[in-house]
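Numbering (our numbering), first residue to last: 9 to 83.
Written out below as structure tokens is the structure these notes cover.
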Amino acid sequence: MTFSDSPCPCGLLPPVNDPEILRIVAVGPPAVVNNFMLRQYQLGYAELSQWSLAVPTRNPGEVMRILTKRVLLDP
9 MTFSDSPCPC GLLPPVNDPE ILRIVAVGPP AVVNNFMLRQ YQLGYAELSQ
59 WSLAVPTRNP GEVMRILTKR VLLDP
């Protein structure tokens, strides 16, 4: 079955361009990671709620947060 002959739910047409997934990983002390997140918000790149919860790493005093974005590539 190809994309063109598969049924579209609710009569919607298939998307012309599928967005690619981009993951940004921020790792460091909580204050540094939070500051980075805030800066991305101030620049209009990502809402604070789009970031994952802080996950402790193996290194004491270090956390990891992940931002997942869907990005359309220019043709």
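Yeah, the Cβ is synthetic: ideal placement off N, Cα and C, and Gly gets one too.
Predicted model, so just to flag it, every value in this text is computed and none were measured.
Taking Cβ to Cβ, would you say residue i is nearer than 8 Å to residue j?
i     : j     : result
Thr65 : Val35 : yes
Leu61 : Pro27 : no
Can you grab the Cα-Cα spacing for the pair residue i / residue j, in whole Å?
i     : j     : result
Gly69 : Trp59 : 19 Å
Tyr53 : Arg78 : 12 Å
Phe44 : Arg31 : 15 Å
Leu97 : Glu55 : Any question about residue 97 goes unanswered here, given that the chain covers just 9 to 83.
Val63 : Val71 : 5 Å
Asn42 : Asp82 : 30 Å
Using alpha carbons as the reference points, say which of the options lies closest to residue i.
i     : options                       : result
Val33 : Asp82, Gln48 and Asn25        : Gln48
Arg73 : Asp82, Gln50, Asn67 and Pro38 : Pro38
Where does residue i fall in DSSP's three states?
i     : result
Ala62 : coil
Quick one: complete beta strand (DSSP E) runs, 3+ long, within the region 34 to 81? Every unbroken stretch of the beta strand (DSSP E) spanning 3 or more residues and falling wholly within the region 34 to 81 is given here in chain order: 71 to 79.
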